Amino acid sequence: MTRPVPFSQRRYFPAVLGLGSFAAFVIAVEFLVYADILNRFIIPPPSDVIGAFPRVIMEEHVLARFTQTALEALAASVLVTIFGVAGGVLLYQFTLLRRATETWVAAIAAAPLVLMYPLYLVIFGRNATTIVMMGFTAGLAPIILKTLEGLSGTRRVLINVGRSFNLTRSQQFWKILFPAALPTIFVGMRLGLIFALINIVGVEYLINFGGLGQLINELAERYDLAGTYAAICFVILVSIIVFALTERLERWLRPAG
Amino acid sequence: MTVVAMPSGRMPGAATAEPILTVDNIVKQFETPDGVLTAVDNVSLSVRPGEFFGVIGPSGCGKSTLFNIIGGLLDGYDGTVRVAGETVDGPHPSIGMIFQEESTFPWRSVIDNVAFPLEIAGLPKSERYDRARHFVSLVGLDGFERRFPAELSGGMRQRVSMARTLAAQPKIMLMDEPFAALDEQTRLLLGDKVLQIQQELKQTTLLITHNITEAVQLSDRIMVMTYRPGKVKRIVEIDLPRPRTSEIVSSEAFGRYVAQIWSDLREEATRGLVEDESRKLRGGAGAPP
Ligand SMILES: Nc1ncnc2c1ncn2[C@@H]1O[C@H](COP(=O)(O)OP(=O)(O)OP(=O)(O)O)[C@@H](O)[C@H]1O
Ligand SMILES: [Mg+2]
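Quick note, the sequences are listed as chains A and B, same order.
First residue of the first sequence: 0, per numbering that gives the first Met the number 0; consecutive thereafter.
First residue of the second sequence: 0, per numbering that gives the first Met the number 0; consecutive thereafter.
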C-alpha cells in the first residue's frame, strides 16, 4: 500500500498554484475597481478586458496581427541565436578580438537600442525588415556575452579529459565546450529573446506598422482601454510560445540539466 | 634518493625489460602572487611494462602536477617524458588518465560517458555500447546505465570516470586518487577489480593515493614524495606474491611495508604541517587586517 502523496507535492501543484494566484489577482483588481479604489479610466475592470476579447478578435483581426508579430519574433529569434552564438564563439576563440570588443558589447547590451529606429527606418524602410532588424539588434548582445561566459566557464578538468582522449579541435568544441556551455547560452537566449520581443512590439507601436504593436497603438488612441489590455494578452501569448520553443530546444540539445 | 632493494626474483628479467615510461629530471615551477613555487623538483622514474607503480606523498607535494606533465596536459617544464623511448610532447594516445576532480560529463548518461572514448575512436554504435556496458558493470554500476551524473553519488561518479578511461584500454593508466571518495570496503573491492583488469590487459598503471594500505596492496613499487618541493624521497619495491587480493592486507609482510612507508611519510607530513603553520604565523604577524 502506498501512502497518498500530499497535495502540495503533486506534479501539477505548481501550475495550479500559479493559475490560482493569477485568478486571485484578477478578482482582487476587479473588486478594487468596483470599490472605486482603482480608477477605471486607467485600469479597466478585468471583466471588461475579457469582454473585449470577441471584439478584438472579430473586428480588429487580432489573429492576423498576432501571426505577423509572432513571425517577426521568430525571424528575429533565429537570427539573434545564430549570430549571437557565433559571435560568442568568435570572441572565445580569438583573445585579441575579445579584449578589443568585450566592453563594447557589454555597453551595447545596456543601451536603449530602441532609439535607433529612425536610422533603421532610413536603411530598411517602413516595413517588417526594420522591425525584425530592431529585434535582432536588441537581442544580440546578451546572447554573445552569455555564450562567451558559458564557453570560458567550462571546467578545466573537462577540457583536460578531452585532451587526454586526443580530441581534435572541432571535437573538443562540439563534444565538450558547447554542451558544457549550453545552459548558460540558454540563459542568454532567454534574455536576448525578451529584449527582441520588447523591441519588436515597441517599434511596431512607434512606427505604426505591423502586428500587435500597431493594434495596441490604435486601440489606445481610441481610448479603448479594455481592448488595449486584451491585445497585450496576445503579446504575452507570443512570449509564452517563444519560451516554450526555447525550452523544447534546450531539452532536446541537452537532456540532463 | 634511496632505492630500497628488497630481495627479488619474482619478475625474471624485469631489470632488463625496456621501460615503457621514463621520466627524466622533471622540474615544474608555477608563478604565483607570492613568487615562484617549485611544485615538482627533479623527479626521475622509469616504469616497466605491466608494472603497477604507486605514488604517495603529502597533500600539495606535486603529485597531480607530475601526472599532468606525464599526460601531456601541462607544458613549460624542464626535463623529458618518454613513452617507449619516444619523447612525448602533448597527450600521448597510449596514456589514459583518471582525474582527481569530478570529471564526468553532466550532459551524458552513465553509458554515454563510458562510451565516450569509443565514440571518438569511431566504433560502431552497437559495439561501443556493448563494450561500455562491460566496463559499467566492471565498476559495479549495473542498472545505472541510463542515469545522469547528477543522480549519482560522488563515489559512483568517480567510478563512471574510471570506467570511461578503462573503456579506452590505454597501455598506460594514470590514476589520480580514483578511490578517494569511496568507503573502505568499496575501495578494497574496487582495488581488486582494478588489479584484475590491469593483469588481464597487462596495463602499466601509475596510481596516486593517500592511502598506504591501498598503495601496498596494489603496487609493485611505491614512490614516496617529499613535501614541497616535491622530490623523490624513496622508491620502495613491494615484494609480495601475485595474484594479490585485498586479503593480503592481514599478512605480516604487508604490515612491515606499511610501517616503513608510514614512517617516511610521517616525517614529510609533519614537516609540511610545521611549514604551513609557520608560514601562517609569519603572514599573520604585522599584516594589516
Ligand atoms: N596552475 C597552478 N598554478 C599555481 N600553482 C599551482 C598550480 N597547480 C598546482 N599548483 C601548486 O603546486 C603544488 C602541487 O600541486 P598538486 O596539485 O600537484 O599537489 P598534489 O600532490 O596533487 O596534492 P593533493 O594530494 O592535495 O592532490 C601546490 O602547492 C599547488 O598550490
Ligand atoms: Mg592532487
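Here a beta-carbon is modelled for each residue, glycine too, at the ideal position from N, C-alpha and C.
Source: prediction; values computed, not measured.
The beta carbon of Leu-205 (chain B) lies closer than 6 Å to those of Phe-52 and Leu-173 in the same chain, with the five residues before and after it left out.
The beta carbon of Ala-131 (chain B) sits closer than 7 Å to the beta carbons of Ile-110, Val-113, Ala-114, Leu-117 and Ala-166 from its chain, once the five residues preceding and following it are set aside; these are given in chain order. By alpha-carbon distance to Gly-84 (chain B), the top candidate from B:Asp-77, B:Leu-140, B:Ile-97 and B:Pro-48 is B:Pro-48. Judged by DSSP in its simplified three-state form, Glu-267 (chain B) adopts helix. Residue burial annotation: Asn-67 (chain B) is buried, with at least 16 other C-beta atoms found within 10 angstroms of its C-beta. Annotated as proximal: Ile-130 (chain A) and Ile-199 (chain A), with beta-carbon spacing under 8 Å. Nearest CB-CB separation between Gln-170 (chain A) and chain B: below the 8 Å threshold. Nearest Cα to Cys-60 (chain B) within the set B:Asn-41, B:Lys-170, B:Glu-246 and B:Ile-196: B:Asn-41. Between the C-alpha atoms of Thr-103 (chain B) and Gly-161 (chain A) there is a straight-line separation of about 11 Å. Rounded to whole angstroms, Ile-41 (chain A) and Ala-219 (chain A) show a C-alpha spacing of 11 Å.
Taking Met-161 (chain B) as reference, the option from B:Arg-145, B:Lys-170, B:Phe-147 and B:Phe-178 with the minimal CA-CA separation is B:Phe-178.
Of all residues in the region 156 to 170 of chain A, only Val-156, Leu-157, Asn-159, Val-160, Arg-162, Ser-163, Phe-164, Asn-165, Leu-166 and Gln-170 place a beta-carbon less than 7 Å from a beta-carbon of chain B.
In this structure, Val-235 (chain B) sits away from Thr-212 (chain B), with a CB-CB distance that is not shorter than 8 Å. Residue environment: Ser-108 (chain B) is assigned as buried (16 or more neighbouring CB atoms within 10 Å of its CB, all protein chains considered). The three-state secondary structure of Ser-45 (chain B), taken from DSSP, is strand. Going by beta carbons, Glu-203 (chain A) and Thr-68 (chain A) fall inside the 8 Å limit. Neighbours of Arg-253 (chain A) across chain B, judged by C-beta separation under 8 Å: Trp-106. Contact annotation for Pro-178 (chain A) against chain B: Phe-104, Pro-105, Trp-106 and Arg-107 [CB-CB distance below 9 Å, chain order].
Within the region 117 to 143 of chain B, Ile-119 place their CB atoms closer than 7 Å to a CB of chain A, listed in sequence order.
By the Cβ test, the region 71 to 83 of chain B is not in contact with the region 258 to 273 of chain B, since fewer than three Cβ pairs between them sit closer than 8 Å.
Between the C-alpha atoms of Asp-23 (chain B) and Lys-170 (chain B) there is a straight-line separation of about 20 Å.
Of all residues in the region 74 to 100 of chain B, the ones placed with a Cβ closer than 9 Å to any Cβ belonging to chain A are Gly-89, Pro-90, His-91, Pro-92, Ile-94, Gly-95, Met-96, Phe-98, Gln-99 and Glu-100, in chain order. Note that the C-beta distance between Ile-142 (chain A) and Gly-83 (chain A) is below 8 Å.
For Ala-180 (chain B), the nearest beta carbon of chain A is not closer than 8 Å to its own beta carbon. Listed along the chain, the chain A residues whose CB falls inside 9 Å of the CB of Gly-70 (chain B) are Asn-159, Arg-162 and Ser-163.
Not one heavy atom of ligand 2 lies closer than 7 Å to the C-beta of Lys-201 (chain B).
Considering only A:Val-32, A:Ile-175 and A:Leu-144, the residue with the shortest C-alpha distance to Arg-155 (chain A) is A:Ile-175.
In this structure Trp-106 (chain B) is buried. Its beta-carbon is surrounded by 16 or more other beta-carbon atoms within 10 angstroms. Ligand 1 never approaches Gly-71 (chain B) closely enough for any of its heavy atoms to be under 7 Å from the residue's Cβ. In the structure shown, Ala-230 (chain A) falls within a helical segment according to DSSP collapsed to helix, strand and coil. Taken through DSSP and simplified to helix, strand or coil, Glu-100 (chain B) comes out as coil. The criterion of a C-beta distance shorter than 8 Å is not satisfied by Leu-37 (chain A) and Tyr-91 (chain A). For Ala-167 (chain B), the closest Cβ of chain A is nearer than 8 Å.
Note on geometry: alpha-carbon atoms of Gly-226 (chain A) and Pro-5 (chain A) lie some 42 Å from one another.
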